[in-house]
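Structure first, then comments.
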Amino acid sequence: MELLNLAWKNLWRSRRRTLITLAAVSFSLMLVQGSHNLSFGVYSAMIDSGVRAGTGHLVVYQRDYVDSRDEKFSFAPQQLVEQIGQLDGVEAVLPRLFLPGLAQSTRESRGVLVTGVDSQAEQRINPFLKGMSLEQLPSLSGREAVVGSRLLKELQLKPGNKFVVTLQSRDGELVSEMFRVHSVVTTGMKNIDKSLLLVGRERAARLAGIPGEIQELAVVLRDQQAEQAVYPKLQRLLKDRPQLRALSWTEAMPNLSNAIKLDYASSQFIFIILLLIVTIGVINTLLMSVMERFKEFGVILAVGASALRLRILVFAEAFLLGVVAMVLGSVFGSLLTWYLQAVGIDLRDFMEGNLEFGGVVFDPIMRASWDWPYMLQIAFFMLLLSLVAAIYPAIKAGRILPAEALRHH
Amino acid sequence: MLWRLAIRNIWRNRRRTLLTLSAMVVSSALLILCLGIFSGMLKDMLASATEQYFGHLEISTKGYQEDRDMFANFSVSDDFLLLLQPQVLGFSPRLRSFGLLSGQDKSSPVELLGVEPERERQVTSLQDHLQAGSYLLADDHEGALIGAGLARRLAVKPGDQLVFVTQAADGSIGNDLLTVRGVFATGDQGHDNGLVLVALPWLQQLLVLPGRLHEIAVRIEHPLQAAAFAAQLRQKLPTTLEVLDWGELLPEMREVVASYDVSRLIIVSILYVATGLGILNTFFMSVMERTREFGVLMAVGMRPGQVRLMVLLETLAMGLLALLIGVVFGVLLSLYMAYVGIDLSGSLTPITYAGGTILPRLHAVLEVTNVLVPAAVLLLVCLLAGFLPANRAARMQPVVAIREE
Amino acid sequence: MSLIELKSVSKIYPLGNQQVVAVANLSLKIKAGEFTVLAGPSGSGKTTLLNLIGCLDQPSEGEVWLDGHNVGKEEAKQLAKLRLNKIGFIFQSYNLIPVLTAAENAEFTLMLLGIDKVKRRQRIVELFAELGLQGLEDRNPSDLSGGQQQRVAIARAMAAQPAVILADEPTASLDLQTSEDLLALMQRLNETQGVTFVFSSHDPLVISHARRVVSLRDGCLESDR
Chain X
-15 MELLNLAWKN
-5 LWRSRRRTLI
5 TLAAVSFSLM
15 LVQGSHNLSF
25 GVYSAMIDSG
35 VRAGTGHLVV
45 YQRDYVDSRD
55 EKFSFAPQQL
65 VEQIGQLDGV
75 EAVLPRLFLP
85 GLAQSTRESR
95 GVLVTGVDSQ
105 AEQRINPFLK
115 GMSLEQLPSL
125 SGREAVVGSR
135 LLKELQLKPG
145 NKFVVTLQSR
155 DGELVSEMFR
165 VHSVVTTGMK
175 NIDKSLLLVG
185 RERAARLAGI
195 PGEIQELAVV
205 LRDQQAEQAV
215 YPKLQRLLKD
225 RPQLRALSWT
235 EAMPNLSNAI
245 KLDYASSQFI
255 FIILLLIVTI
265 GVINTLLMSV
275 MERFKEFGVI
285 LAVGASALRL
295 RILVFAEAFL
305 LGVVAMVLGS
315 VFGSLLTWYL
325 QAVGIDLRDF
335 MEGNLEFGGV
345 VFDPIMRASW
355 DWPYMLQIAF
365 FMLLLSLVAA
375 IYPAIKAGRI
385 LPAEALRHH
Chain A
-16 MLWRLAIRNI
-6 WRNRRRTLLT
4 LSAMVVSSAL
14 LILCLGIFSG
24 MLKDMLASAT
34 EQYFGHLEIS
44 TKGYQEDRDM
54 FANFSVSDDF
64 LLLLQPQVLG
74 FSPRLRSFGL
84 LSGQDKSSPV
94 ELLGVEPERE
104 RQVTSLQDHL
114 QAGSYLLADD
124 HEGALIGAGL
134 ARRLAVKPGD
144 QLVFVTQAAD
154 GSIGNDLLTV
164 RGVFATGDQG
174 HDNGLVLVAL
184 PWLQQLLVLP
194 GRLHEIAVRI
204 EHPLQAAAFA
214 AQLRQKLPTT
224 LEVLDWGELL
234 PEMREVVASY
244 DVSRLIIVSI
254 LYVATGLGIL
264 NTFFMSVMER
274 TREFGVLMAV
284 GMRPGQVRLM
294 VLLETLAMGL
304 LALLIGVVFG
314 VLLSLYMAYV
324 GIDLSGSLTP
334 ITYAGGTILP
344 RLHAVLEVTN
354 VLVPAAVLLL
364 VCLLAGFLPA
374 NRAARMQPVV
384 AIREE
Chain D
3 MSLIELKSVS
13 KIYPLGNQQV
23 VAVANLSLKI
33 KAGEFTVLAG
43 PSGSGKTTLL
53 NLIGCLDQPS
63 EGEVWLDGHN
73 VGKEEAKQLA
83 KLRLNKIGFI
93 FQSYNLIPVL
103 TAAENAEFTL
113 MLLGIDKVKR
123 RQRIVELFAE
133 LGLQGLEDRN
143 PSDLSGGQQQ
153 RVAIARAMAA
163 QPAVILADEP
173 TASLDLQTSE
183 DLLALMQRLN
193 ETQGVTFVFS
203 SHDPLVISHA
213 RRVVSLRDGC
223 LESDR
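Protein chains in written order, with this note's numbering: chain X, -15 to 393; chain A, -16 to 388; chain D, 3 to 227.
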């Protein structure tokens, strides 16, 4: 305890130096915490929007549909929609059918991915359909179609126009069917706007010669965190049908999860450089403070302290420096997070147009959200780093020869 | 004289100088590396959109790129193409069609580009991404180069027959046979799953559009100067045609590039604030230690301005030294990453967004800005961090300073 | 038996390419309760000798015995322990730890010995009373006069009741009157409490207070009376 007291007093002998060092360490901690929390918030928002438009948090496919995207891997959902819907934490279950085909107007033809959906379920969940009423969406077996705005333009169609969809049915024949443009959707992503075509699931299934079947059962959860808890329950429901597989969104949407991984890895790399620089700064400070007190350390050794004591003293000083930086940095980091959560960063101030990341359109206002365990973890890591920074100065201090140090002026 | 004094002074406390230098070197070298890798990703992404598909510029009928209307076609004289020749790395006249492509018993919607193989390979680099078979030959009338995903879906390999069905310009349904010559894999899912290259005359015949084109894709030497080149080209074109650079074709990509410039500055500033605080600390320490010495210098007639200059020169000398080492290390690291790189395909799949694809690899690109920005900012930070201690040194009263122990 | 015994001790320092002989083949015995001055001009080896006795340094040749321990043979860790338990140091420039108060400086060795706070305070109160430092307990060293600082240094040296107190030119930074007072104080401590003192000094005043004067010249024993 006395040692900590002494260390604390030593720390403030060179007030400016300690303050500057503290500023560097806590500034870095603040940035790491703040930007992690911002990423955390933005990623959560992206995942949320991504899974709602995409495969859900969890998804059921037949065999390796996820890799092959072969439409022969379709299955009849039977009771699954109701059963999964009753699981705790499940917000919605979306049965979907995907059929690659050709959409033709009188002038043009384009490749499309005909998506058969249940409008009732989809309307509440799918962000692409935000703001649309049920009347604007296709009925289960009607001829209404929701068309991406760019596709509409390329096909030279207007709302209300008819067009033909040609695709290959299960038995290999090319089959065609007439649909009518019922509503138009603009997502902001070119790839989607030029290929989106939503129709009633039953209609699509009958056209493809697989009535009642689907390829994807997207399970949207109320809370992302519930994935771990729901997954085993979902697997239990599927145990009688071994050809069906439950996957997490990270496997089903590798594009999004990898985009997040890569983005996070890049910021981690920057953090590592930052921490490295800060650590070198702390080593410098501690070393200076040891070298400055060369004679004093000689005296402390002369009055009977062991070299180990001196080392502990240096570590104690680093520890206190680390603790103060950890607290200050966390306070600043929390303030920054608070600001980024309450106000956020409005990207519309910096750029125009839609914001897309990893195949997901995201909210132009980036908002942080709190990741307490991480903040705590990185704060303690900072403390650990200042202790690591003390190793070399402590070794130096421990090697001081008292007789020589006492001669020193 | 002041320079010599400054340089000697920074070596007086060698350990401290070395530690501070190492922080500066680490920050600048790793920054250069890091920016090089980010540029590499960006370049991959841009390349997937331009060098694998659009080219850097597209000449087409006004509005064609908006809706890709089959009827928005044009023809150009050979004179015009020859005019284009000397100014670009390559250009490729193309005709485009959308339709259904069928293999043995599977079919899939595709986008067909009718090209002249020898010209197309000057613009796009699909020949570098062949997975099987070969590129189209100049006189091959019915050959097709298809994406890997598509080949898998249709279960075809080089030598297999394909049938393409679409609507022709005269309203009839056109269909004809193709033979798979090669399969390419770029990592971009959109291209790998739905793009097919065929011979231009074959497609012109099928669509009943003899001699007509939809676009001329152009490749130039400096992609980032595409907009300027497009403006220049515009004046030479008939009014019915337009030139769009990749930024106009892919506004999302242009935003990614713009936001990269912003984030580069943010990263540089963040790292240098931390480095700058370290330098500030070192120079304060070194100035405070030498209080007595400054007193003596001033007592023998050195003016405060000269003392300030001397301390600033010390920081500048240190900054220059750090810069030299940092740039050398940074460039070496970047070169290593440019020629060797790290393959991440074990843990990452290609990531497609904003119209481009980031390949799963760490691969640096050396760009002058990526060296200049960290270098210039480092010097600036050094001078800023030296400013306070220099002022402090200049404000000392000689008498007080000498008395100080 | 002697508290301190030096048997043909030499100490040689490297200095650049040369070797400096600080102490040459010197033998000396000091018994408990003595009040000894090592006299001689600067450079005569006084400080080196004190450092050897004080376990701060080890001899190049010969043996240094302190209370039954062969200093030359001990490990660094053991030397620190010996310094803590057997020796008290007083320096020319006081060398108090500037961030600690007078009392905290004095109880520093007791802290190192792990003695609890209450007992430490008791001992410091006693010592400060003995040394005329009452009321100065919470002062910082920078707020004390030279004489006061040196008395705090004596308190620090005595706190753990060491076998011997070594003082390197203890009066060299003090004025005459203060030096006189300090010497009188140390002499009294020697007489009443039996504290063994070994000084180094070239100050005639100090030498005049000593009961035994060991004169050194160029690292050799010149006289012992």
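We treat Cβ as the ideally placed atom computed from N, Cα and C, and that holds for glycine.
Cross-chain neighbours of residue i in chain E, by beta carbon under 9 Å
i, result
"X:Q152", "No chain E appears in the structure shown, which is made up of the protein chains X, A and D."
Buried versus exposed call for residue i [16 or more other C-beta atoms within 10 Å across all chains shown]
i, result
"D:N19", "exposed"
"A:Y319", "exposed"
"X:Q63", "exposed"
"A:P357", "buried"
"X:W(-4)", "exposed"
"A:W229", "buried"
"A:M7", "buried"
"D:R125", "buried"
"D:R122", "buried"
"A:I156", "exposed"
Contact belief for residue i with residue j at Cβ below 8 Å, rounded distance in angstroms
i, j, result
"A:L366", "A:T265", "A:L366 to A:T265, Cβ: 14 Å. No contact."
"X:E106", "X:R164", "With 8 Å as the limit, X:E106 and X:R164 do not qualify as a contact, their Cβ atoms being about 19 Å apart."
"A:S75", "A:I199", "7 Å"
"A:V314", "A:I15", "7 Å"
"X:R295", "X:A378", "4 Å"
"D:L185", "D:T173", "7 Å"
"X:I261", "X:A373", "Actually they do not touch by this definition, with Cβ atoms about 12 Å apart."
Span of the beta strand (DSSP E), counted from its first residue to its last, around residue i
i, result
"A:P76", "G73 to S85"
"X:S398", "Any question about residue 398 of chain X goes unanswered here, given that chain X covers just -15 to 393."
"D:Q94", "Element bounds for D:Q94: n/a, residue is neither H nor E."
"A:L95", "S90 to V98"
"D:S31", "Per the sequence presented here, residue 31 of chain D reads as Lys, with Ser not at that position. Note, D:K31: beta strand (DSSP E), Q20 to I32."
"X:W(-4)", "Unbroken run through X:W(-4): none, as it is neither H nor E."
"A:N158", "I156 to F167"
Interface residues of chain X facing residue i [CB-CB closer than 7 Å]
i, result
"D:L138", "Going along chain X, no residue has its Cβ under 7 Å from D:L138, so there is no contact; the nearest lies around 18 Å."
"A:T265", "N268"
Within chain A, the residues that residue i reaches when beta carbons sit closer than 7 Å
i, result
"X:V262", "A257"
"X:M272", "R(-1) and M268"
Element boundaries [alpha helix (DSSP H), containing residue i]
i, result
"A:T352", "V351 to A377"
"A:G132", "A131 to L137"
"D:L218", "Not the alpha helix (DSSP H): D:L218 falls in the beta strand (DSSP E), residues R214 to R219."
"A:C17", "R(-3) to A32"
Nearest to residue i (by Cα), restricted to the options the options
i, options, result
"D:L115", "D:R219, D:T38 and D:A161", "D:A161"
"X:A381", "X:V315, X:D355, X:V283 and X:G317", "X:V283"
"A:L371", "A:L186, A:L72 and A:F267", "A:F267"
"A:N56", "A:V181, A:T169, A:M24 and A:L192", "A:L192"
"X:D51", "X:V149, X:M237 and X:T90", "X:M237"
"D:F93", "D:V22, D:K48, D:R227 and D:N27", "D:K48"
"A:A368", "A:E34, A:G261, A:T162 and A:L13", "A:G261"
"A:D123", "A:L160, A:Q87 and A:G302", "A:L160"
"D:S62", "D:V101, D:N27 and D:G134", "D:N27"
"X:E186", "X:V287, X:P195 and X:L304", "X:P195"
"A:Y243", "A:T0, A:S22, A:L113 and A:R(-9)", "A:S22"
"X:S12", "A:L295, A:P333, A:F312 and A:Y255", "A:Y255"
"A:A138", "X:L228, X:R53, X:S251 and X:M14", "X:R53"
"X:G144", "X:E280, X:S89, X:V9 and X:T269", "X:S89"
Partner residues on chain X for residue i, Cβ-Cβ distance less than 8 Å
i, result
"D:I99", "L(-10), E280, V283 and I284"
Chain X residues whose Cβ lies nearer than 9 Å to that of residue i
i, result
"D:L178", "Simply none; closest approach about 25 Å."
9 Å Cβ cut-off: residues of chain D touching residue i
i, result
"X:P377", "Per Cβ cutoff of 9 Å: no residues; X:P377 is ~18 Å from chain D at best."
7 Å Cβ cut-off: residues of chain D touching residue i
i, result
"X:A387", "N53, L58 and D59"
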